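Below is one structure, written out as structure tokens; the observations come after it.
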Amino acid sequence: MKKIGFLGLGAYVPERIMTNEEWSQYVETSDEWITTRTGIKERRIAAPEQSTLDLAEKAARAALLDANLTPQEIDELIVATDTPEVYAPDTASYLQHRLGARNIPSYDLAGSGCAGFLQALDVARSRVSDERKNILVVGVELLTRLMNWKDRNTCVLFGDAAGSAVMSSGDEVSEILASAAGTDGSQSEILCLEVGGTRKPFTLERAQRGEHQNLVMKGREVYKEAVHRMAQVSQQVLAKAGVNLDDVALVIPHQANLRILEAVGEALNLPSKKLFINVHKFGNTGSASVPVALCQAREQGRIKKGDLVLLTSFGAGLHWASLLVKF
Ligand code: ACO
């Protein structure tokens, strides 16, 4: 059996840095509140002329360069995002054209929040074949464009970014040893944005009341579920692969907030040096968070050839997903 896994990785973060202090110009908050509750110190904000597609393209081109592939060599394209370029068609259509890829199947995996990228990798892994050798997966969010800048409960948490991976088969890939994912739709109401769909269509009156930006987030419940599910799905993946956590070199969880990350580490009984954290620099970047963290971990020399790396994520849905990779 041929190995299936990463042939290349890429990431992009916008240049503009927004600090916690700057948030206090917009809402009643403080660096102290944000730091103690979330560990976030700063986040990146896309330039006004940038849209989701621009971020996605940069991360995609970086992953293709890393894989030593041209856009014409991609056989399928998946974009995971909750902040698409337009409502329809999907961001993948725009990206296929922007990259100059062939007329390959391209589609979005939308609405699964921060779990989207790992879900998309899981789908891509199952679809790599002789016919579809290289599948480009992008996780991208431009959350700061669509969120409510007056809601202090949510606005300080997020940032913009994009990450990407080329999934392929062969001896040179970093092999995905196992994957696991799940959904609990009974809890969809604890983290959702319902205005704009058929339940509550977008109207002028709703827009004037700012409802189209009202992200419902029951913070404490989300927190508990995020910790429980990311720890649980990590254990499932390790069991599937027959691997002991002691043999894992690094765990890269979705960077929701520092307290969630530390609680996942505690639930897994993981030494803190094996937990990768960059949430202080970028905030929560949704489906971009895991691929951006993965690229940074590699750049910082935290991942060596032969290392086992566990990726785990959780998001709206509720969805969760995890992958074990051998580099
Ligand atoms: N600045 C100052 N005060 C604030 C802010 C802010 N930015 N945001 C909320 N508050 C206030 C609230 O209004 C509330 O005030 P009140 O008690 O007078 O009503 C109070 O702070 C709430 O404080 P705590 O109860 O101490 O808040 P908590 O410890 O629950 O922390 C937080 C809140 C950070 C949202 C936490 O619940 C959390 O991390 N939840 C997970 C949410 C998350 O990560 N969401 C991201 C999307 S989902 C995902 O990626 C998994």
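Numbering-wise, the sequence shown is residues 1036 to 1362 according to my numbering. Cβ coordinates follow ideal geometry from the N, Cα and C atoms, glycine included. The structure displayed is predicted, hence computed values, not measured ones.
Sheet register partners of residue i (DSSP bridge)
i       : result
Ile1287 : Leu1346
Leu1144 : Ala1115
Tyr1047 : Ala1197
His1132 : Paired residues: none, contrary to the question.
Thr1054 : Glu1077
Val1251 : Cys1227
His1354 : Thr1218 and Gly1350
Val1360 : Ile1211 and Val1344
Ile1039 : Ser1204
Asn1319 : Phe1193
Heavy atom of the ligand ACO within 7 Å of residue i beta-carbon
i       : result
Ile1295 : yes
Tyr1258 : yes
Ile1225 : no
Ala1216 : no
Leu1137 : It should be pointed out that residue 1137 corresponds to Arg in this sequence rather than to Leu. Not so, every heavy atom of the ligand ACO lies at least 7 Å from the Cβ.
Cys1330 : no
Gly1254 : yes
Arg1072 : yes
Ala1302 : no
Arg1244 : no
Ala1266 : no
Gly1174 : no
Leu1273 : no
Gly1341 : no
His1315 : no
Asn1188 : yes
Phe1237 : no
Leu996  : The requested residue 996 is not part of the displayed model; the chain covers only 1036 to 1362.
Leu1305 : no
His1263 : no
Leu1035 : Only positions 1036 to 1362 of the chain appear in the structure, and residue 1035 is not among them; the question remains open.
Val1251 : no
Assigned exposure category for residue i - 16 Cβ within 10 Å defines buried
i       : result
Asp1055 : Asp is not the amino acid found at residue 1055; the sequence shown has Asn there. Buried, because 16 or more other Cβ atoms sit within 10 Å of the Cβ of Asn1055.
Leu1090 : buried
Lys1308 : exposed
Val1121 : exposed
Pro1306 : exposed
Pro1124 : exposed
Gly1321 : buried
Ala1323 : buried
Glu1077 : buried
Gly1198 : buried
Lys1093 : buried
Gln1154 : buried
Arg1244 : exposed
Met1265 : buried
The segment 1128 to 1144 contacting the segment 1228 to 1245, beta-carbon criterion three pairs below 8 Å: no
Beta strand (DSSP E) runs contained entirely in the segment 1076 to 1109, provided each spans 3 or more residues: 1077 to 1080
Segment contact flag, the segment 1351 to 1358 with the segment 1208 to 1228, C-beta cutoff 8 Å, min 3 pairs: yes
Sufficient close CB pairs (3 or more, under 8 Å) joining the segment 1243 to 1259 to the segment 1274 to 1281: no
The segment 1067 to 1074 in contact with the segment 1171 to 1178 per 3-pair CB rule at 8 Å: no
Beta strand (DSSP E) segments (min. 3 residues) lying fully within the segment 1172 to 1231: 1195 to 1204 and 1209 to 1218
The segment 1042 to 1055 in contact with the segment 1094 to 1103 per 3-pair CB rule at 8 Å: yes
Stretch pair the segment 1099 to 1112 + the segment 1164 to 1171: three plus CB contacts closer than 8 Å: yes
Meets three-Cβ-pair contact criterion under 8 Å: the segment 1284 to 1295 and the segment 1342 to 1350: yes
Ranges of the beta strand (DSSP E) found wholly within the segment 1264 to 1310, counting only runs of at least 3: 1285 to 1288
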